[in-house]
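Undergrad:
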Amino acid sequence: MTNSRPDFEKKELALSCSPYVYLPVDITVYTVEVSHQEEIDGGLLQKAVDRTIKRMPYLSDALTIERGAVYYAKNPLPMAAARHTGPRSVGGSDTNYHLLDLTWEGNKTWFSMFHGFCDGLGLNIFLESVLYHYYCMKDGTEYDPNGIRADSTQKTEGETFEPFSVQYPVSPEFKMPERKPEPKVYHLPEIYRDPTGETREYGFRLPSGDFMRFVKENGTSPSVMIALLTGEAIMRVHPDAEEPIIARLPISLRRMLGCEETFKNCSSRTLLPISGTPMDALPFAQRAAQLRAVLKQQMNPDFFRATYNMMGSMYRKRMEDAVDYGEELKKPSGFLTTSHDTFYVDYIGSMHQTAYSSRITDVRFLCKPAIGNTLHMNIIEHDGCFRIACLACSDITPLIDVMEQVFRDHGLPVQRTPEQRFILPRTCWREGIL
Numbered sequence: 014m015t016n017s018r019p020d021f022e023k024k025e026l027a028l029s030c031s032p033y034v035y036l037p038v039d040i041t042v043y044t045v046e047v048s049h050q051e052e053i054d055g056g057l058l059q060k061a062v063d064r065t066i067k068r069m070p071y072l073s074d075a076l077t078i079e080r081g082a083v084y085y086a087k088n089p090l091p092m093a094a095a096r097h098t099g100p101r102s103v104g105g106s107d108t109n110y111h112l113l114d115l116t117w118e119g120n121k122t123w124f125s126m127f128h129g130f131c132d133g134l135g136l137n138i139f140l141e142s143v144l145y146h147y148y149c150m151k152d153g154t155e156y157d158p159n160g161i162r163a164d165s166t167q168k169t170e171g172e173t174f175e176p177f178s179v180q181y182p183v184s185p186e187f188k189m190p191e192r193k194p195e196p197k198v199y200h201l202p203e204i205y206r207d208p209t210g211e212t213r214e215y216g217f218r219l220p221s222g223d224f225m226r227f228v229k230e231n232g233t234s235p236s237v238m239i240a241l242l243t244g245e246a247i248m249r250v251h252p253d254a255e256e257p258i259i260a261r262l263p264i265s266l267r268r269m270l271g272c273e274e275t276f277k278n279c280s281s282r283t284l285l286p287i288s289g290t291p292m293d294a295l296p297f298a299q300r301a302a303q304l305r306a307v308l309k310q311q312m313n314p315d316f317f318r319a320t321y322n323m324m325g326s327m328y329r330k331r332m333e334d335a336v337d338y339g340e341e342l343k344k345p346s347g348f349l350t351t352s353h354d355t356f357y358v359d360y361i362g363s364m365h366q367t368a369y370s371s372r373i374t375d376v377r378f379l380c381k382p383a384i385g386n387t388l389h390m391n392i393i394e395h396d397g398c399f400r401i402a403c404l405a406c407s408d409i410t411p412l413i414d415v416m417e418q419v420f421r422d423h424g425l426p427v428q429r430t431p432e433q434r435f436i437l438p439r440t441c442w443r444e445g446i447l
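Add 13 to the 1-based position in the sequence shown for this note's numbering, that's all there is to it.
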């Protein structure tokens with residue numbers, strides 16, 4: 014590691030970073046790959062980055078460590094849109110210690126982040142602003158930003174709000190449910206780690222109109238329907254599975270906590286029992302509707318507010334009491350070992366529709382698959398299609414074949430996309446600090 018890292022001016026405690034900055038290893042970057050109709054103009058792309066950072070200077074922050082605590086810090090060094098095939102490692106000297114990065118080659122752009130700096134919605138704020146300014150300059154017109162944080166809009170205090178910094182109001186009659194033992198879960202034997210770090214992506218495309226009609230006909234939501242269909246495929250491949258099949262669905266808590274504008278980590282998860290309950294005996298449509306009801310029952314704002322109150326106090330106490338960062342890394346962390354699901358469904362949604370949307374031909378979310386024997390799925394809607402990406406480090410072609418057949422058996426016009434492979438670099442945000 015280099016010792017030439019500048020001394021950055023510290024800002025607020027990075028409370029929402031806690032699950033990621035106190036890990037004994039650096040995690041891989043998270044990346045959104047965007048394909049365009051035309052080759053990228055690197056000069057214009059850099060100007061778009063400059064306009065974005067001028068509007069949202071907090072996106073150029075670094076992280077710094079004092080004693081055992083981690084802080085956001087002002088980083089005056091320039092953020093470069095670099096010509097590079099694929100994503101780069103973020104947080105170190107190669108990216109001027111920025112935790113967000115943009116690379117490009119040909120007609121592709123890669124937007125990358127350290128998950129300790131922000132979450133996927135935070136990365137999307139950066140991505141959409143850069144692309145907006147890029148196409149405005151490329152086309153010589155100021156398009157309607159339509160919800161994008163363009164430099165024609167005003168910055169608000171809520172954009173940098175720390176979700177763990179306050180105590181949230183909870184209904185007086187609310188009581189936290191008793192903590193139950195973690196459920197037994199079926200894990201997929203065909204999924205295992207590849208020591209090379211290579212990830213395989215198996216994909217499907219579903220026309221949005223056809224899929225949403227099917228979703229509504231069955232009284233459910235897109236993420237629940239994909240989870241149900243995936244569970245059906247798993248049961249066909251593994252009919253003798255003895256443990257329940259459980260899906261994990263990450264959720265943003267911004268609306269529940271009243272901090273819709275923040276770029277920082279603000280999420281949780283819910284668990285959806287795909288099998289192993291009395292719902293198994295119901296017809297398909299009733300199961301779909303019931304699973305949606307189960308999901309909605311878990312979305313109790315009081316529960317998440319109380320959880321954030323508790324976690325915020327724990328995170329703050331840890332940072333304020335910490336005296337040695339190296340010692341903090343020796344403490345146990347469940348982040349790298351906990352696995353409570355059979356598969357993971359991250360419904361990422363879609364970008365804002367703009368006048369240039371049709372010139373963006375594809376969007377992929379690249380990340381390291383979930384830990385354990387867990388199938389990792391990313392769902393993005395773009396250009397009139399749902400793009401379903403199934404990620405694993407091993408060959409899961411037989412399962413993917415059955416998933417395709419399940420979609421077809423339900424009358425959905427699914428299109429299989431070619432298998433792709435990628436290796437993501439690790440972040441290096443501690444470079445020059447330790």
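Positions of the beta carbon are idealized from the N, C-alpha and C atoms, including for glycine.
Note that the structure is a prediction, hence the values are computed from the model and not measured.
#1: For A246, which residues in the same chain have their Cβ closer than 6 angstroms to its Cβ, ignoring the five residues on either side in sequence?
#2: Would you mind reading off the limits of the alpha helix (DSSP H) that contains R267?
#3: Taking 7 angstroms as the limit between beta carbons, can you name the residues of its chain near D54, skipping five residues before and five after?
#4: Please say whether A301 and V237 have beta carbons closer to each other than 8 angstroms?
#5: Let me know if D164 comes out buried or exposed under the rule of 16 or more other beta-carbons within 10 Å of its beta-carbon.
#6: With distances taken from CA atoms, which of T122, R267 and Q311 is nearest L284?
#7: Suppose you measure from the CA of Y40 to the CA of Y181; what does that come to, to the nearest Å?
#8: Please classify T154 as buried or exposed, where buried requires at least 16 neighbouring CB atoms within 10 angstroms.
#9: Of the choices D396, G289 and Y35, whose alpha-carbon is the least far from that of R331?
#10: Between the Cα of G4 and the Cα atoms of F21, D20, V143 and E46, which residue gives the shortest distance?
#11: Alpha carbons only, please: which of S48, K277, E214 and P426 is nearest the one belonging to G119?
#12: Could you spell out where the beta strand (DSSP E) holding E25 opens and where it closes?
#13: In whole angstroms, what separates the C-alpha of E22 from that of L90?
#14: Using a threshold of 8 angstroms, state whether the C-beta atoms of V62 and A94 are closer than that.
#15: Could you check how far apart the C-beta atoms of F217 and I409 are, in whole angstroms? I think they sit under 8 angstroms.
#16: Which class does Q303 belong to by DSSP, given the choice of helix, strand or coil?
#17: DSSP state of E211, grouped into three classes?
#18: I'd like to confirm the pairing. Which residues does DSSP put opposite W117 in its beta bridges?
#19: In the structure shown, what three-state DSSP assignment does Q433 receive?
#20: Report yes if the C-beta distance between I469 and S288 is below 8 angstroms; otherwise report no.
#21: Give me the Cα-Cα distance between V307 and N322, rounded to the nearest whole angstrom.
#22: Which partner residues of C403 appear in the DSSP bridge assignment?
#23: Note down the Cα distance separating G133 from M292, rounded to an integer number of angstroms.
#24: To the nearest angstrom, report how far apart P411 and L136 are at their CA atoms.
#25: Between the C-alpha atoms of C403 and R261, what's the straight-line distance to the nearest angstrom?
#26: By Cβ distance, which residues of its chain are closer than 8 angstroms to S265, with the 5 residues on each side in sequence left out?
#27: Exposed or buried, what is A75 when buried is set at 16 or more other beta-carbons lying within 10 Å of its beta-carbon?
#28: Whose C-beta lies closer than 8 angstroms to the C-beta of G232 among residues of the same chain, with five residues either side of it excluded?
TA: Let me lay it out:
#1: The residues are V415, M416 and V419.
#2: Per DSSP, R267 belongs to the alpha helix (DSSP H) from R267 to L270.
#3: So the qualifying residues of the chain are K151.
#4: With contacts defined by Cβ atoms closer than 8 angstroms, V237 and A301 form a contacting pair.
#5: Buried.
#6: The residue with the shortest Cα to Cα distance from L284 is Q311.
#7: Sequence check: residue 40 is Ile here, not Tyr. I40 and Y181: Cα-Cα distance of roughly 30 angstroms.
#8: Counting Cβ neighbours within 10 Å, T154 comes out exposed, since fewer than 16 surround it.
#9: The shortest C-alpha separation from R331 is found at Y35.
#10: Here the chain comprises residues numbered 14 to 447, so residue 4 is not present and cannot be evaluated.
#11: Measuring from the Cα of G119, the nearest candidate turns out to be S48.
#12: Its beta strand (DSSP E) spans residues E22 to L26.
#13: Between E22 and L90, the C-alpha separation is close to 12 angstroms.
#14: At the C-beta level, V62 and A94 come within 8 angstroms of one another.
#15: About 13 angstroms separates the beta carbons of F217 and I409, which is beyond the 8 angstroms limit, so they are not a contact pair.
#16: Collapsing the DSSP output to three states places Q303 in a helix.
#17: For E211, the secondary structure class from DSSP, reduced to helix, strand or coil, is coil.
#18: R96 and T122, per the DSSP bridge assignment.
#19: Strand at Q433.
#20: Nothing can be reported for residue 469: it is not among the residues displayed for the chain, which extend from 14 to 447.
#21: If I take the Cα positions, the gap works out to 24 angstroms.
#22: Partner(s): Y215 and M390.
#23: Each residue's alpha carbon lies about 33 angstroms from the other.
#24: Going by the C-alpha atoms only, they are around 33 angstroms apart.
#25: Going by the C-alpha atoms only, they are around 14 angstroms apart.
#26: For S265, where only same-chain residues beyond five positions count, the Cβ hits under 8 angstroms are D132, L134, C279 and S280.
#27: The residue is buried, with at least 16 neighbouring Cβ atoms inside 10 Å.
#28: Cβ within range, chain order: A298, A301, A302 and R305.
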